[in-house]
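Here the structure comes first, spelled out in structure tokens, and everything after it is commentary.
Residue numbers (the UniProt record's numbering): 1 to 976.
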């Protein structure tokens, strides 16, 4: 035991020193120069405003990503943000009370946050006392605020019971009371709860099979002696057409009967039945809106009915009398909101026609519309339709009230609109759901592009004409350089950096010499495309198509900016998950954001598209067409030309398809012009389901064909570009029977190159597949830890074919080396660095669940690492084996930043061989660059240019002096 401890201490010391040689940490003054972070929230589910002051400057939101945030209403910036655990991210209820911010999740976790600082004051898990914690679901919640001498009650309705939590700031454990229901509830469409602050009551409405409505009234203090009333409602389908008014009156509308019913909750008797025709309402009621406050005491006695073509009728109920106050036509109404502040009660009608959003205002007491309070704003182009409106009403001195509204659109954009007709700010929350990202080189400047054009026309232009063009281009460059010098002298910026990145000295969206400045194209789940400047993270362009929402989105770059004067082009392919709709095909200019819809060419497809891939070679216009394969094995090309069809039949291309739902893997031959042939298929066992598969990057650059060994021989890599790795997980999730099954398959022939099984292991799995190696992470259910499996494939010491790889050639099975390592941190995603020529050592990038972007050299995952390192192993560059992979903070690419919810890591090469650009997407967006082998091709920022200049001048002067002395010496020698 003593030997092991000493050995471990020595090894950790040596290993730590070895890690320092790969340190890629930042200096303090480098922070923010070439990296940036966007802090996002995601799609907003709930929003409330600070109710403690009249005109507050903070709003609070919760999102589908499990984020709880406080937003500055003046700037739109996030003041504080908290992220809930992954298992508890569906939020059911949000409210702001005098004690803080109340948040209730669907799993029964209630929390109270300090609204000013975001500090968690307490949390309560209601599912602990349930018989089955997994089935515990919260349906509704409400808060009962009473006088300052009494505690605020949080009322929660779950599927099995009613619960109250006394919110107290003095006690660390809030008081909890619960009462079980007679039967388990189904969903929120048939149940609602309200509170009555004046009488201290809790009211539960439950619609039973559309036949009767059961009203249960509880005492808020002890939940004892509930009073139950049953109301016959054979015409009521859902609680959406019900409203609970003051004086314990229930109103519901029945379109079948064509009447408004008023029911006394005390005894269940019907007070009045008023036909809709008597009120002048001839069409069926499509929407009913009333005061949505949880406290019945402030509900009032007014409702708004929507009917016909945008007709909005304000109805006032006095006792058993129903009166029509006013009807106004407001077309395309998407939301109606009641708000009360003091004695003022207003209703707000939000509508949208084209890109213009209007919010009309009516005084509920008088029934008059106030045109002075109406807001009309024009949303930016390519914005979704209005989905939800959150109104913040406040009292004013000149006019009775004022308001501002938080708008949420279907493209997950959040706007704050204020008077007079102004968009104060907007947040692009669709960026929090990125499904694909690509980094492309920016176009050249006009002068440089002119020189590039010479090479395009070299075969068509005469020699003298090319010479004069070159001289003209060089002259233009000289004039441009001189004008830039004069401009910098005039602006006194000659000796300052043009950008915040010292290596990028070209302003605007123009390619820099090192290609560090890129255009980032983001494709989001909501159907929004973004073009983003990699230098600052600012959005350059955006495009939204509502039909893309909910589809499987694939992005293919067909032509880059390297082929002037041809513009760059990419294709966005949107496939319907149900395979019932034709594909959506968009041609996108990734630099300018110009989009051309090509979907009309594929609207008559008889079968759905199952797979797509770019053409391996470009056409005469440097464009790589897209090959699409449908379920009937017909081939479709974008663009489709006879020349491309002819080339297709000559290339003998192959395509594979992995069906995750049924475990079917198939390979196709594209040897014919119009159709494909199935050449092999493989079906995984029914006991497993596919959870991950990965092929190698297309057109991957490999620096070396083999690895030198200590005996001066070479072991050659198995560089099969057609290899795909498929991981499946057992359907049985019991620990003793869980397993992971790995298949490494040649996608051309269907041959299984290697297979292995991990017993008592499960997902989530994250995989990286490149060159001749494969790395993936998984969960060891037996040891309860994350592990990383590493594989390398070699041909041996004899290379079979040094020029071209063919899957049909008979060759021996590759040598497989594998090893497993322990990884002590939770992993969210894995990536790998890319460089221009592939010479620089690869770096494995990890997105950790704790919000850290972390990079380690790939040699730490080498399966050949020896248990006892010798001189021979050190000569080969092998690190001594240690089961656990270290996670030193010096290798954090995100340094002290927390990047929440990382889901994917994208990399792109720069013109500098040492540098790889890294983009991490998820709830946050983080961009940086890494140098796996340090920056060996650029001088450091602190390089002493003055010293080297003095040394060079001194050496030049010394050379002149010694030359003169040598000449004098030779002359004197000749005279002797």
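The C-beta atom is built at its ideal place from N, Cα and C for all residues, glycine as well.
Short Cβ contact (7 Å threshold) for residue i with residue j
{"i": "residue 161", "j": "residue 144", "result": "no"}
{"i": "residue 851", "j": "residue 898", "result": "yes"}
{"i": "residue 724", "j": "residue 745", "result": "yes"}
{"i": "residue 47", "j": "residue 605", "result": "no"}
{"i": "residue 380", "j": "residue 561", "result": "no"}
{"i": "residue 585", "j": "residue 543", "result": "no"}
{"i": "residue 684", "j": "residue 663", "result": "yes"}
{"i": "residue 573", "j": "residue 612", "result": "yes"}
{"i": "residue 347", "j": "residue 364", "result": "yes"}
{"i": "residue 625", "j": "residue 637", "result": "yes"}
{"i": "residue 981", "j": "residue 310", "result": "Because the chain in this structure spans residues 1 to 976, residue 981 falls outside the shown range and cannot be described."}
{"i": "residue 110", "j": "residue 165", "result": "yes"}
{"i": "residue 1056", "j": "residue 905", "result": "No information on residue 1056 is available, as it lies outside the stretch 1 to 976 that the chain covers here."}
{"i": "residue 766", "j": "residue 777", "result": "yes"}
{"i": "residue 248", "j": "residue 265", "result": "yes"}
{"i": "residue 519", "j": "residue 908", "result": "no"}
{"i": "residue 108", "j": "residue 126", "result": "yes"}
Proximal residues to residue i (C-beta, below 7 Å), its chain only, five neighbours per side dropped
{"i": "residue 635", "result": "627, 629, 670, 674, 675, 676"}
{"i": "residue 99", "result": "112, 152, 167, 169"}
{"i": "residue 877", "result": "859"}
{"i": "residue 548", "result": "527, 574, 584"}
{"i": "residue 708", "result": "714"}
{"i": "residue 952", "result": "none"}
Euclidean distance between Cα positions of residue i and residue j
{"i": "residue 843", "j": "residue 655", "result": "29 Å"}
{"i": "residue 229", "j": "residue 197", "result": "20 Å"}
{"i": "residue 812", "j": "residue 737", "result": "34 Å"}
{"i": "residue 415", "j": "residue 427", "result": "7 Å"}
{"i": "residue 385", "j": "residue 409", "result": "5 Å"}
{"i": "residue 23", "j": "residue 703", "result": "Any reading at residue 23 must be qualified, since the residue scores a pLDDT of 48, below 50, and its modelled position is unreliable; the value itself is stated next. So the two alpha carbons sit approximately 23 Å from each other."}
{"i": "residue 820", "j": "residue 336", "result": "59 Å"}
{"i": "residue 317", "j": "residue 323", "result": "6 Å"}
{"i": "residue 888", "j": "residue 824", "result": "12 Å"}
{"i": "residue 203", "j": "residue 297", "result": "12 Å"}
{"i": "residue 387", "j": "residue 838", "result": "48 Å"}
{"i": "residue 60", "j": "residue 430", "result": "18 Å"}
{"i": "residue 93", "j": "residue 159", "result": "15 Å"}
{"i": "residue 818", "j": "residue 791", "result": "4 Å"}
{"i": "residue 272", "j": "residue 257", "result": "14 Å"}
{"i": "residue 62", "j": "residue 155", "result": "19 Å"}
{"i": "residue 78", "j": "residue 468", "result": "57 Å"}
{"i": "residue 504", "j": "residue 434", "result": "27 Å"}
{"i": "residue 400", "j": "residue 231", "result": "40 Å"}
Contact belief for residue i with residue j at Cβ below 8 Å, rounded distance in angstroms
{"i": "residue 937", "j": "residue 913", "result": "6 Å"}
{"i": "residue 192", "j": "residue 217", "result": "Going by Cβ atoms, the distance from residue 192 to residue 217 rounds to 13 Å, so no, they are not a contact pair."}
{"i": "residue 521", "j": "residue 590", "result": "5 Å"}
{"i": "residue 68", "j": "residue 104", "result": "Wrong, their Cβ atoms sit about 11 Å apart, outside the cutoff."}
Residues of its chain near residue i, where Cβ-Cβ distance is below 6 Å and the 5 sequence neighbours each way are ignored
{"i": "residue 902", "result": "828, 829, 847, 920, 922"}
{"i": "residue 64", "result": "42, 43, 45"}
{"i": "residue 807", "result": "722, 746, 748, 749"}
{"i": "residue 865", "result": "878, 879, 881"}
{"i": "residue 915", "result": "929, 931"}
{"i": "residue 157", "result": "139, 140, 193"}
{"i": "residue 424", "result": "416, 418"}
{"i": "residue 541", "result": "531, 593"}
{"i": "residue 553", "result": "435, 523, 574"}
Below-7 Å beta-carbon distance, residue i vs any chain B residue
{"i": "residue 489", "result": "Absent from the structure is chain B; it holds one protein chain and no more."}
Neighbourhood of residue i by C-beta distance below 8 Å, restricted to the same chain and skipping five residues each side
{"i": "residue 236", "result": "207, 210, 213, 242, 252, 254"}
{"i": "residue 867", "result": "880, 881"}
{"i": "residue 374", "result": "358, 359, 360, 361"}
{"i": "residue 732", "result": "687, 738"}
{"i": "residue 719", "result": "702, 705, 771, 772, 805"}
{"i": "residue 21", "result": "Interpretation of residue 21 is limited by its pLDDT of 49, a score under 50 that renders its predicted location unreliable; the figure taken from the coordinates is listed afterwards. So no residue of the chain qualifies."}
**Item:** Length-filtered (3 minimum) beta strand (DSSP E) runs lying within the stretch 881-944
**Value:** 902-909, 916-922, 925-930
**Request:** Kindly provide the ranges of any beta strand (DSSP E) runs that are 3 or more residues long and lie completely inside the stretch 635-661, ordered along the chain.
**Result:** 635-638, 654-659
**Asked** What are the start and end residues of each continuous beta strand (DSSP E) run of 3 or more residues lying completely inside the stretch 691-769, in chain order?
**Response** 706-708, 714-717, 723-730, 739-746, 752-759
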